[in-house]
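A quick write-up on the structure given underneath.
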Amino acid sequence: MHKIDFDLVEMTMDTMKYVIDRVSSTTTKIGKPKKAEELKALVGETVTEKGIGGEYAFKLWRKHLAGANVPVDHPRNLAFVPASPTRAAIMFDLVTAASSIHGAYWMEGAGGIFCENEAMRWMVSLTGLPEGAFGVFTSGGTAANLSAIVTAREYWRNSDAEHKSQKGLIITSIGAHSSVKAMAKVADIDVVLVDTEDCLEKAALQDAINKLSPLEKQRLFAVVGTGGTTNAGIIDDLEGIAEVCEQENLWFHVDAAYGGGALMADSVKHLFKGIEKADSITIDPHKWMFSPYDCGAVIYKNPELAKDAHSQEGSYLDIFKDEGAHGFNPTDYQIQLTRRVRGLPLWFSLAMHGTDRYKQAVERGIELAQIAGRLIDEMPHVELVRDPSLSCVLYRRIGWNPDDYKHWTYQNHESGFALVTPTKWKTADTFETVSRFCFINPDTTEEDIRMILETMA
Ligand SMILES: *Cc1c(COP(=O)(O)O)cnc(C)c1O
Numbered sequence: 000m001h002k003i004d005f006d007l008v009e010m011t012m013d014t015m016k017y018v019i020d021r022v023s024s025t026t027t028k029i030g031k032p033k034k035a036e037e038l039k040a041l042v043g044e045t046v047t048e049k050g051i052g053g054e055y056a057f058k059l060w061r062k063h064l065a066g067a068n069v070p071v072d073h074p075r076n077l078a079f080v081p082a083s084p085t086r087a088a089i090m091f092d093l094v095t096a097a098s099s100i101h102g103a104y105w106m107e108g109a110g111g112i113f114c115e116n117e118a119m120r121w122m123v124s125l126t127g128l129p130e131g132a133f134g135v136f137t138s139g140g141t142a143a144n145l146s147a148i149v150t151a152r153e154y155w156r157n158s159d160a161e162h163k164s165q166k167g168l169i170i171t172s173i174g175a176h177s178s179v180k181a182m183a184k185v186a187d188i189d190v191v192l193v194d195t196e197d198c199l200e201k202a203a204l205q206d207a208i209n210k211l212s213p214l215e216k217q218r219l220f221a222v223v224g225t226g227g228t229t230n231a232g233i234i235d236d237l238e239g240i241a242e243v244c245e246q247e248n249l250w251f252h253v254d255a256a257y258g259g260g261a262l263m264a265d266s267v268k269h270l271f272k273g274i275e276k277a278d279s280i281t282i283d284p285h286k287w288m289f290s291p292y293d294c295g296a297v298i299y300k301n302p303e304l305a306k307d308a309h310s311q312e313g314s315y316l317d318i319f320k321d322e323g324a325h326g327f328n329p330t331d332y333q334i335q336l337t338r339r340v341r342g343l344p345l346w347f348s349l350a351m352h353g354t355d356r357y358k359q360a361v362e363r364g365i366e367l368a369q370i371a372g373r374l375i376d377e378m379p380h381v382e383l384v385r386d387p388s389l390s391c392v393l394y395r396r397i398g399w400n401p402d403d404y405k406h407w408t409y410q411n412h413e414s415g416f417a418l419v420t421p422t423k424w425k426t427a428d429t430f431e432t433v434s435r436f437c438f439i440n441p442d443t444t445e446e447d448i449r450m451i452l453e454t455m456a
């Protein structure tokens, strides 16, 4: 024991020094992966009977392993959906871990869950959902989408005895995130895809419903609209989808995992009109609300329906429902039981900075996309594929084939300069390989964008 305590002091110093260096550094290189065998050759056996000691293990991390990761918060990491957790949220993530809070039940986690709920109340207010709407933090958008759709399916099954033995069916568009299909597989639900990567319009949705067979129509229980597609930042016609869902008596889920942060931005908020009519909404604070991984959220118009679907029963759990333990139990509204109070870092950072700072940071991401659009217009070797939407920019390098894009991405990644990955954009029947920026980090500069575009000349 004595040995462990001795190590603990040194290890704490090492950890704090590393954390402080990491959150203050603005010049980290973009790291890159190595093969597992190479990493193994560098660090040797690390899990041994006697232990290798904290100091040495930490040294291995710093020297060989930290750099084999891509920092998602690098100002020139514009690939996929990057992230940019605030320093306050990162520091409070350490506090969250140190506090050892079991975040499933109020009885054990009242203080932490109270804070999560304060942050959640603000998130719910952004959506405009009616009084009574509420949500919980999940491990991410995938878990949030799954929790929502299982709730919708349970509600549908309970509404008609005939549905009990039927396989459910949902409609979404090909612009929807891959996780929608993935979670439908987990829940054993069929998916009908409307064939557009652009905005899913009311008429196209109605058309897809009209084309279903009578049996399929019976099995249809939900529509998933996207509030900011991951590929291009496109917001579906949420108002129109809401009308169809109301007429057809369907659950309306909005996946705003990436775009949800833009509900803060006055410049684009109107594009989300109709989201306030959703039955459930996914928003990932770990994308555009500057939280560290992992932090997603699912919000329900009627949380009681989520409880019907997700509340776990077990004799060992009865105590949590006793007198005196009354309060909000996050486990009842999503698929996890034991959970980290992962909304706590967001709460601290929101409380510290105020929501105005968050709004400004999101507006900056949108502005950066506009700046990139202008630079692309000005440069002769590149052109926009479509106008920037939210913080996504799709553009092409004139004359390049898919291999050219790939080669360019690898080259910039290899040198640690930038990470910008190609994607595909579908028009009519062709998929074109193009380049894509997604801005989250408000510290990305116009010069960063210009330098990246110049490496394509
Ligand atoms: C990122 C994303 C998801 C998946 O979220 P995870 O947090 O990665 O699980 C789902 N939907 C959309 C629209 C996304 O952008």
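Under numbering that gives the first Met the number 0, the first residue of the sequence shown carries the number 0, and numbering increases by one thereafter. Just so it is clear, CB atoms sit at the ideal spot from N, CA and C, and this is done for glycine as well.
For residue i, which residues of its own chain have a beta-carbon under 6 Å away from its beta-carbon, when the five flanking residues on both sides are left out?
{"i": "arginine 435", "result": "Leu393, Thr422"}
{"i": "lysine 425", "result": "Glu196"}
{"i": "cysteine 244", "result": "Val222, Phe251"}
{"i": "histidine 73", "result": "Ile29"}
{"i": "alanine 147", "result": "His252, Ser279, Val297"}
Among the candidates the options, whose CA atom is the shortest distance from the CA of residue i?
{"i": "alanine 151", "options": "Ala305, Tyr315, Ile298, Asp402", "result": "Ala305"}
{"i": "glutamate 117", "options": "Ser177, Lys268, Pro344", "result": "Pro344"}
{"i": "leucine 237", "options": "Asn301, Phe289, Ser172, Val94", "result": "Ser172"}
{"i": "serine 83", "options": "Pro213, Ala175, Ser348", "result": "Ser348"}
{"i": "isoleucine 169", "options": "Ile51, Ser24, Lys180, Ser23", "result": "Lys180"}
{"i": "isoleucine 71", "options": "Leu219, Pro81, His63, Lys62", "result": "First, the residue type needs correcting, since residue 71 is valine and not isoleucine in the sequence shown. Comparing Cα-Cα distances from valine 71 to each of Leu219, Pro81, His63, Lys62, the minimum goes to Pro81."}
{"i": "aspartate 402", "options": "Thr420, Ala202, Gly415", "result": "Thr420"}
{"i": "serine 388", "options": "Ala296, Arg356, Gly226, Gln246", "result": "Gly226"}
{"i": "glutamate 377", "options": "Thr443, Thr47, Leu452, Glu247", "result": "Leu452"}
{"i": "alanine 109", "options": "Arg449, Asn328, Met455", "result": "Asn328"}
{"i": "alanine 96", "options": "Gly415, Arg338, Asn248, Thr408", "result": "Arg338"}
{"i": "histidine 352", "options": "Arg86, Gln410, Cys437", "result": "Arg86"}
{"i": "asparagine 76", "options": "Thr429, Glu36, Cys437", "result": "Cys437"}
{"i": "glycine 259", "options": "Glu44, Tyr404, Thr126", "result": "Thr126"}
{"i": "alanine 65", "options": "Glu36, Val18, Glu247, Phe91", "result": "Val18"}
{"i": "threonine 229", "options": "Leu214, Lys210, Ala255", "result": "Ala255"}
{"i": "tyrosine 257", "options": "Gly295, Phe113, Trp105, Val123", "result": "Gly295"}
Quick check: is any heavy atom of ligand 1 less than 7 Å from the C-beta of residue i?
{"i": "lysine 286", "result": "yes"}
{"i": "histidine 176", "result": "yes"}
{"i": "glycine 224", "result": "no"}
{"i": "aspartate 283", "result": "yes"}
{"i": "threonine 141", "result": "yes"}
{"i": "alanine 256", "result": "yes"}
{"i": "valine 468", "result": "The structure shown has nothing for residue 468, since the chain only spans 0 to 456."}
{"i": "glycine 458", "result": "Outside the shown range of the chain (0 to 456) lies residue 458, about which nothing can therefore be said."}
{"i": "threonine 47", "result": "no"}
{"i": "asparagine 157", "result": "no"}
{"i": "threonine 195", "result": "no"}
{"i": "asparagine 76", "result": "no"}
{"i": "threonine 14", "result": "no"}
{"i": "threonine 420", "result": "no"}
{"i": "glycine 127", "result": "no"}
{"i": "threonine 229", "result": "yes"}
{"i": "isoleucine 144", "result": "Before going on, a small fix: residue 144 reads as asparagine here, not isoleucine. Answer for asparagine 144: yes, Cβ within range of ligand 1."}
{"i": "glycine 295", "result": "yes"}
If you drop the 5 nearest sequence neighbours on each side, which residues of the same chain put their C-beta closer than 7 Å to that of residue i?
{"i": "leucine 270", "result": "Ile234"}
{"i": "histidine 162", "result": "Trp155, Arg156"}
{"i": "methionine 0", "result": "Because methionine 0 carries a pLDDT of 46, less than 50, the predicted location of this residue cannot be relied on, and no value is offered for it."}
{"i": "alanine 360", "result": "Phe289, Pro441"}
{"i": "glutamate 382", "result": "Ile375, Tyr394, Arg395, Ile397"}
{"i": "glutamate 9", "result": "Gly53, Glu54"}
{"i": "proline 178", "result": "Before going further, note that residue 178 is serine rather than proline in the sequence given. Once the five neighbours on either side are set aside, the close Cβ partners of serine 178 are Gly140, Thr141, Asn144."}
{"i": "leucine 262", "result": "Leu125, Thr126, Lys268, Phe271"}
Suppose the cutoff is 8 Å on Cβ atoms and the five residues either side in sequence are ignored; what does the same chain contact list for residue i look like?
{"i": "alanine 67", "result": "Gly30, Lys31, Pro32, Lys33, Leu38"}
{"i": "valine 149", "result": "Ala186, Ala308, His309, Ile334"}
{"i": "threonine 14", "result": "Phe57"}
{"i": "aspartate 189", "result": "Lys166, Gly167, Leu168, Ile169, Ala183, Arg218"}
{"i": "alanine 88", "result": "Phe289, Ser290, Pro291, Pro344, Leu345, Phe347, Ser348"}
In the DSSP assignment, what residue or residues form a beta bridge with residue i?
{"i": "serine 464", "result": "Residue numbering for the chain in the displayed model covers 0 to 456; residue 464 lies beyond these limits and cannot be assessed."}
{"i": "valine 297", "result": "Val135, Thr281"}
{"i": "arginine 396", "result": "Val381"}
{"i": "serine 434", "result": "Tyr394, Pro421"}
{"i": "phenylalanine 251", "result": "Val222"}
{"i": "isoleucine 169", "result": "Val190, Ala221"}
{"i": "threonine 429", "result": "Thr426"}
At the 8 Å Cβ level, is residue i part of the contact set with chain D, yes or no?
{"i": "serine 279", "result": "The chain inventory of the structure shown lacks chain D, comprising one protein chain alone."}
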